[in-house]
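Visitor: The listed protein sequences correspond, in order, to chains L and W. Quick note on the numbering used here: the first sequence kicks off at 128 and runs consecutively. Quick note on the numbering used here: the second sequence kicks off at 128 and runs consecutively. Quick reminder that beta carbons are idealized off the backbone N, C-alpha and C, glycines included. Please read through the structure below; I'll follow up with questions.
Protein chains: 2
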Amino acid sequence: MLEFAILGLLQEAPMHGYELRKELTAKLGAIRAAISYGSLYPTLRRLQAAGWITEAAETPATAEEVPALTSRRGRVVYTITAEGKERFAQLIAQAGPETYDDTGFGVHFAFFARTDQATRLRILEGRRRKIEERREGLRDVLGRAAERLDAYTLELQRHGLDACEREVRWLEELIANERSGRAPTVPRSGTTGGRGENDSPPPPGESRTKRP
Amino acid sequence: MLEFAILGLLQEAPMHGYELRKELTAKLGAIRAAISYGSLYPTLRRLQAAGWITEAAETPATAEEVPALTSRRGRVVYTITAEGKERFAQLIAQAGPETYDDTGFGVHFAFFARTDQATRLRILEGRRRKIEERREGLRDVLGRAAERLDAYTLELQRHGLDACEREVRWLEELIANERSGRAPTVPRSGTTGGRGENDSPPPPGESRTKRP
DNA sequence: GTGCGATGTATCGGTCCGATACATCGCGGC
DNA sequence: GCCGCGATGTATCGGACCGATACATCGCAC
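Spelled out as structure tokens, the structure:
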């Protein structure tokens with residue numbers, strides 16, 4: 128999962144670890160807490176060993192300009208390689224069962240702009256199927272085993288069931304949009320925040336790269 | 128987390144591993160997938176080593192009745208000890224930061240029937256605070272960094288923001304109920320499933336033990 | 001009689017987290 | 001002038017948990 132996210136992000140621009148974590152947090156903030164350095168750095172090491180990324184000490188501006196007096200601990204900038212891009216494409220193509228769990232789906236969705244439409248559709252439908260199964264499980268428990276459980280546990284299941292139904296509806300909208308080639312914008316019913324007129328959806332293009 | 132859940136469940140009845148997993152899945156189905164044996168068995172080992180639980184080969188009915196012909200691999204039944212109950216109470220009392228993340232909160236909530244009211248309130252408020260923070264983070268990203276992100280990432284954030292707002296409202300209801308001493312039932316607006324008149328909320332008592 | 005799904009116990013490698021350590025930089029307050 | 005403090009930045013270590021895998025029994029349907 129982390130591997131996938133890193134390869135995805137580094138395609139937008141080379142970055143050093145700290146920056147990577149910040150971007151990752153911004154992009155995935157909806158689905159998981161900030162990722163830990165205890166996972167990030169070893170993963171970067173692993174990706175470098177595999178040849179998907181290269182690491183390079185940051186260039187000290189114009190080299191002569193900066194006096195080596197302070198000798199600041201160089202930031203290590205990571206850049207994705209051609210093999211890394213291939214690897215990313217390959218990871219997108221093979222959507223296994225782990226692609227449909229909460230984290231896996233979220234991460235894949237976050238990089239849908241780099242995913243072809245057929246795969247997007249496949250993933251959305253796989254996720255829907257998975258959530259429908261969870262929903263049925265919760266309905267079963269609430270129906271059959273309700274008397275065995277205390278009021279708090281039941282309330283938890285009801286809340287979970289609610290979330291499932293809501294997500295299925297969300298996915299349905301996204302799937303419908305996907306099929307009709309529209310942008311991934313789901314109509315919101317005023318409940319969200321306040322003003323809701325700042326959307327202006329861009330077309331679902333694949334390109335989104337920072338160019339200096 | 129697993130330790131907490133196991134100690135909580137074993138207070139309802141002694142169980143063997145497979146059964147434990149099934150009950151755990153039923154009780155926590157709303158918040159996480161089925162737990163893995165790769166975590167369950169080592170954890171049981173650890174709990175036994177610490178003295179919180181005892182393990183015993185299942186008694187073969189009336190001993191003489193059953194012929195040892197088949198010599199079925201005895202199921203190992205785990206029973207919580209007095210120290211284990213103490214440990215559980217202690218784990219409830221000290222609600223650290225990990226009590227408020229998604230999984231931690233869910234597991235604690237599932238055992239609210241064994242938690243005193245003051246602690247319930249504390250945990251609910253801690254969770255609310257945490258979700259409010261996440262919500263603010265998402266609003267920031269959607270407000271400030273919107274133009275940097277693609278349409279899919281934005282849609283993901285919006286969906287997450289929605290979920291946050293919904294959960295905060297849910298928690299508000301639960302907190303209000305808790306303060307007024309009512310049962311943990313949140314009014315549902317028909318959206319859930321179908322019939323919604325089978326509630327009959329029991330009083331929020333602490334007792335819920337299967338007695339044979 | 002035989003295959004097959006549920007029941008049941010168990011291990012292993014790998015991913016990820018949380019705590020911790022350490023160093024630099026810029027800024028505001030004293 | 002200088003001191004602390006929060007942001008920036010890299011890194012490791014132990015432990016929790018997962019997914020795959022292995023292996024054995026039981027009951028039932030075909």
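Short of 8 Å Cβ to Cβ, which residues in the region 199 to 226 of chain L face chain W?
Guide: Listed by position, the residues of the region 199 to 226 of chain L near chain W (Cβ gap below 8 Å) amount to none.
Visitor: Counting Cβ pairs closer than 8 Å, one from the region 173 to 181 of chain L and one from the region 205 to 214 of chain L, do we hit at least three?
Guide: These segments touch.
Visitor: If you run the structure through DSSP and keep just helix, strand and coil, what is L/Glu185?
Guide: L/Glu185: coil per DSSP, three-state reduction.
Visitor: Using CA coordinates, which residue listed in W/Ala160, W/Gly264, W/Gln217, W/Gln175 is at the minimum distance from W/Gly233?
Guide: The candidate whose alpha carbon is nearest that of W/Gly233 is W/Ala160.
Visitor: Is the CB of L/Glu191 under 8 Å away from at least one CB in chain W?
Guide: Residue placement at L/Glu191 cannot be trusted, given a pLDDT of 43 that sits under 50; what the coordinates show is reported in the next sentence. So, not an interface residue.
Visitor: Could you spell out where the alpha helix (DSSP H) holding W/Ile207 opens and where it closes?
Guide: First-last for W/Ile207: 203 to 207, but that is the beta strand (DSSP E), not the alpha helix (DSSP H).
Visitor: Grouping DSSP H, G and I as helix and E and B as strand, with all else coil, what is W/Leu302?
Guide: Looking at the sequence provided, one finds Ile at residue 302 of chain W rather than Leu. Helix.
Visitor: Could you check where the alpha helix (DSSP H) with L/Gln221 kicks off and where it finishes?
Guide: Element bounds for L/Gln221: n/a, residue is neither H nor E.
Visitor: In the structure shown, what three-state DSSP assignment does L/Ile258 receive?
Guide: Correct three-state label for L/Ile258: helix.
Visitor: In its own chain, which residues sit with a C-beta less than 7 Å from the C-beta of L/Arg254, not counting the 5 before and 5 after it?
Guide: Hits under 7 Å: Tyr227, Phe232, Leu298.
Visitor: Report the rounded CA-to-CA distance for L/Leu281 versus L/Ala273, giving the unit in angstroms.
Guide: Rounded to whole angstroms, L/Leu281 to L/Ala273 spans 7 Å at the Cα level.
Visitor: For chain L, find out if any of its Cβ atoms is closer than 8 Å to the Cβ of W/Phe236; answer yes or no.
Guide: Yes, because at least one Cβ of chain L sits closer than 8 Å to the Cβ of W/Phe236.
Visitor: Based on the DSSP secondary-structure assignment, which residues constitute the bridge partners of L/Met142?
Guide: Looking at the DSSP assignment, L/Met142 forms a beta bridge with L/Tyr205.
Visitor: Taking C-alpha atoms, which residue in W/His286, W/Leu301, W/Arg296 lies nearest to L/Arg293?
Guide: For the residues W/His286, W/Leu301, W/Arg296, the minimum Cα distance to L/Arg293 belongs to W/His286.
Visitor: Who are the Cβ neighbours of L/Arg214 in its own chain at under 7 Å, not counting the five residues just before and after it?
Guide: Correct list, in chain order: Leu134, Trp179.
Visitor: Identify the continuous alpha helix (DSSP H) that holds W/Val313 and give its terminal residues.
Guide: No alpha helix (DSSP H) contains W/Val313, which DSSP labels as neither H nor E.
Visitor: By Cβ distance, which residues of its chain are closer than 8 Å to L/Met142, with the 5 residues on each side in sequence left out?
Guide: Closer than 8 Å at the Cβ level, and outside the excluded window around L/Met142, lie Leu136, Glu150, Val204, Tyr205.
Visitor: Please go through the same chain and pick out, in chain order, the residues whose beta-carbon is closer than 8 Å to the beta-carbon of L/Leu248, but skip the five residues on each side of it.
Guide: Correct list, in chain order: Ile302, Glu305, Arg306.
Visitor: At what residues does the alpha helix (DSSP H) containing W/Arg159 begin and finish?
Guide: Unbroken run through W/Arg159: none, as it is neither H nor E.
Visitor: Tell me which residues share the same chain as L/Ala222 and place their Cβ nearer than 8 Å to its Cβ, disregarding the 5 neighbours each side in the sequence.
Guide: If we look at L/Ala222 and ignore the five residues flanking it on each side, its Cβ neighbours are His235, Thr246, Arg249, Ile250, Gly253.
Visitor: Rounded to whole angstroms, what's the CA-CA distance from W/Ala157 to W/Gln217? Just pull it up for me.
Guide: Rounded to whole angstroms, W/Ala157 to W/Gln217 spans 25 Å at the Cα level.
Visitor: If I follow the unbroken alpha helix (DSSP H) through W/Asp277, where does it start and stop?
Guide: Taken as a continuous stretch (DSSP letters only), W/Asp277 belongs to no alpha helix (DSSP H), as it is neither H nor E.
Visitor: Quick one: using the 10 Å Cβ neighbour count with 16 as the cut-off for buried, is W/Pro314 buried or exposed?
Guide: Looking at its Cβ environment, which holds fewer than 16 other Cβ atoms inside 10 Å, W/Pro314 is exposed.
Visitor: With distances taken Cα to Cα, identify the nearest neighbour of L/Gly201 among L/Glu225, L/Tyr164, L/Tyr145, L/Tyr279.
Guide: The shortest Cα separation from L/Gly201 among L/Glu225, L/Tyr164, L/Tyr145, L/Tyr279 belongs to L/Tyr145.
Visitor: Residues of chain L with CB closer than 8 Å to the CB of W/Ile158, please, in chain order.
Guide: Those are Leu283, Gly287, listed as they occur along chain L.
Visitor: If we call anything under 8 Å between Cβ atoms a contact, is L/Arg241 one with L/Gln138?
Guide: Contact flag set, yes.
Visitor: Who does L/Ile180 pair with in a DSSP beta bridge?
Guide: Per DSSP, L/Ile207.
Visitor: From the beta carbon of L/Ala303, is the nearest beta carbon of chain W less than 8 Å away?
Guide: Cβ-Cβ to chain W under 8 Å: no for L/Ala303.
Visitor: Between which two residues does the alpha helix (DSSP H) holding L/Ala237 run?
Guide: From DSSP, the alpha helix (DSSP H) with L/Ala237 extends over 229 to 237.
Visitor: With 16 as the cutoff for other CB atoms within 10 Å, does W/Arg279 come out buried or exposed?
Guide: In the sequence on display, residue 279 of chain W carries Tyr and not Arg. By the neighbour-count rule (16 or more Cβ atoms within 10 Å), W/Tyr279 is buried.
Visitor: Give the straight-line distance between the Cα atoms of W/Arg256 and L/Thr312, rounded to the nearest whole angstrom.
Guide: So the two alpha carbons sit approximately 29 Å from each other.
Visitor: Using a Cβ-Cβ cut-off of 7 Å (strictly less than) and excluding sequence neighbours within five positions of W/Met128, which residues of its own chain qualify?
Guide: Answer for W/Met128: Thr230, Gly231, Val234, listed in chain order.
Visitor: Assuming W/Gln284 contacts W/Leu265 under a Cβ cut-off of 8 Å, what Cβ separation, rounded to an integer in Å, is found between them?
Guide: Indeed they touch by this definition, with Cβ atoms about 5 Å apart.
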